[in-house]
Each structure stands twice: as structure tokens, then as C-alpha cells.
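Presented below is the structure to which this report refers.
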Amino acid sequence: MIRQFGLNEALFILSGIQATIALSLIAFAGGGLFGFVVALLRTAENKAVRRLAAAYIDFFQGTPLLMQLFLVFYGLPAFGVQVNQWVAVAIGLTLHASAFLGEIWRGSIQAVPLGQTEAARALGLHYKDRLVSVILPQAVRLSIAPTVGFLVQLIKGTSLAAIIGFVELSRSAQIVASTTYKPLLAYGLVAIFYFVLCFPLSRLSAMAERRLSVSR
Numbered sequence: 195m196i197r198q199f200g201l202n203e204a205l206f207i208l209s210g211i212q213a214t215i216a217l218s219l220i221a222f223a224g225g226g227l228f229g230f231v232v233a234l235l236r237t238a239e240n241k242a243v244r245r246l247a248a249a250y251i252d253f254f255q256g257t258p259l260l261m262q263l264f265l266v267f268y269g270l271p272a273f274g275v276q277v278n279q280w281v282a283v284a285i286g287l288t289l290h291a292s293a294f295l296g297e298i299w300r301g302s303i304q305a306v307p308l309g310q311t312e313a314a315r316a317l318g319l320h321y322k323d324r325l326v327s328v329i330l331p332q333a334v335r336l337s338i339a340p341t342v343g344f345l346v347q348l349i350k351g352t353s354l355a356a357i358i359g360f361v362e363l364s365r366s367a368q369i370v371a372s373t374t375y376k377p378l379l380a381y382g383l384v385a386i387f388y389f390v391l392c393f394p395l396s397r398l399s400a401m402a403e404r405r406l407s408v409s410r
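Just so you know, the numbering used here puts 206 at position 12 of the sequence shown, and the rest follows in order with no gaps.
Structural data, given as C-alpha cells:
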């Protein structure tokens, strides 16, 4: 039976925003935590550690996000680890985010002028002290714009979770479109919701980038 596209259908699609936002925040927080570790390993003094971190980044940057979600969702049960859709998608997106954020922050750390590091070394500061007191405070400022920009991409990337049946914004639109036969209305509404979520963050990223360029 074909249903009419009405308020209930619009509200059902809107309810998918909750899952999209929650999933984005989980992946961004988890990815940020592990990404910080990856960035530190990527800039470590030990060459073998740097190569290991680089290989991790290369894998996740060189393979599609959808494939990574498939590997987690279907791969973990193959090893006897049963996970639901929430956990699988959260793990997949967290690993994906950690690689990209790790590379963003690696670039920010290495963008700090070499003279700053040399001056800290001349003062007798050890690697940990140089990192905490000199390098990271400057790297954080440099990383704000690209980090916010990646968050926008991560929010849009959550739409791929619909492929494995996770009900977020895109999946809710698919369900409504299949019952009302009004795909243009359903997906058009989703596009508006994504725009409302992502546009302010895009402007924030651009603003931070402009301020950084002016301050230089």
C-alpha cells in the first residue's frame, strides 16, 4: 500500500538526524583520541614507528570508507566477534577518522617553524617537554580549520552506514521513499537537513582559515 508523504514521514526522516549527529560525535571523539596517538607516532623520533603509523594512514586513506565499514561489519563476526550495526559503524568511522585526523595533525605539528624546535632544544628541553610546551600549542591553532573541515566530511560520510542497514538520516529517507514512492521529496528533505548541519561548520572552517592567514 502506497502511503502519502505527510508530516509523519517528514518527522521520521528528521528523527534520523539524531543517529547521524550521535554517530558523527562518537566517530569524531574516538577518531580524535586515536588520531592524536597516530600523529605523535607519525612525528616520533623512531623511524620504524613513523613508518608503521604511515602505513596505517595509507591504508585508510587509500581504501573507500564503504569498504572499511564492510570489513568491520562482516570481518569481526568471521573472527567470532559479534557486533551490532551501531558498534560496527562506530568502529569503522572511528578508525577512518583517526587516520585522517592523525595526518591532519601530523601536518600541523610539522608546520610549526623548525626554529621553534631548535630553540627549545637549545634550552635543554627534552622531546616530551618540547612537544607539550612549544610544538602542540602552535600546532593546535594551525589544525583548527582542517579539523573542522574534516568534521563536515565525516558527517556526510555517515550516510554510507545506510548500506549495512543502519538507520540514520539517509536510511530513513530510503525507507520513506520506498513506502511513499516520493524519492524526490524524501531525498530533497535529507539534502536540506545535511545542509543545515554542514553549512555552519563549513563557514566556521573558512573563517578559521582566513583568521589564520591574516595573523601570519
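Glycine included, each C-beta is placed from N, C-alpha and C at the ideal position.
(request) Pick out the complete alpha helix (DSSP H) segments inside the stretch 330 to 382, 4 residues or longer, and give them in chain order. (result) Taken in chain order, the unbroken stretches of alpha helix (DSSP H) that lie wholly in the stretch 330 to 382 and span 4 residues or more are 330 to 351 and 363 to 374.
(request) Within its chain, find whatever has a CB closer than 6 angstroms to the CB of Phe-389; leave out the 5 residues flanking it on each side and keep chain order. (result) Sequence-distant partners of Phe-389 (beyond 5 residues in either direction) whose C-beta falls short of 6 angstroms from its own C-beta are missing from its chain.
(request) Assign Gly-268 to buried or exposed, taking buried as 16 or more other Cβ atoms, counted over all protein chains shown, within 10 Å of its Cβ. (result) In the sequence as presented, Gly is not what sits at residue 268; that position holds Tyr. Residue environment analysis places Tyr-268 among the exposed positions, since fewer than 16 neighbouring C-beta atoms fall within 10 angstroms of its C-beta.
(message) Quick check: the stretch 272 to 291 against the stretch 212 to 230, are at least 3 beta-carbon pairs closer than 8 angstroms?
(response) Yes, they touch.
(message) For Thr-374 and Ile-358, I'd like the C-alpha separation in whole angstroms.
(response) One Cα belongs to Thr-374, the other to Ile-358, and the distance between them is close to 22 angstroms.
(message) Ile-207 and Val-328 - do their beta-carbons sit closer together than 9 angstroms?
(response) No, they are not a contact pair.
(request) Compute the distance between the beta-carbons of Ala-293 and Gln-255, then report whether it is under 9 angstroms. (result) Yes; because the gap between Cβ atoms is below 9 angstroms, this pair is in contact.
(request) Quick one: give me the first and last residue of the alpha helix (DSSP H) that Pro-271 is part of. (result) Segment 259 to 272, the alpha helix (DSSP H) holding Pro-271.
(message) Distance check for Val-231 and Glu-297, CA to CA, integer angstroms please.
(response) Cα to Cα, Glu-297 sits roughly 11 angstroms from Val-231.
(request) Using three-state DSSP, classify Asn-278 as helix, strand or coil. (result) Taken through DSSP and simplified to helix, strand or coil, Asn-278 comes out as coil.
(request) Could you work out which residue in Ser-372, Gly-210, Phe-387 and Leu-406 is closest to Ile-196 when comparing CA atoms only? (result) Taking the Cα of Ile-196 as reference, the smallest distance to any Cα among Ser-372, Gly-210, Phe-387 and Leu-406 is reached at Ser-372.
(request) In angstroms with no decimal places, state the Cα-to-Cα distance between Asp-252 and Ala-305. (result) If you take the alpha carbons of Asp-252 and Ala-305, they lie about 20 angstroms apart.
(message) I need the straight-line Cα distance from Gln-310 to Val-334, nearest angstrom please.
(response) One alpha carbon belongs to Gln-310, the other to Val-334, and they sit about 15 angstroms apart.
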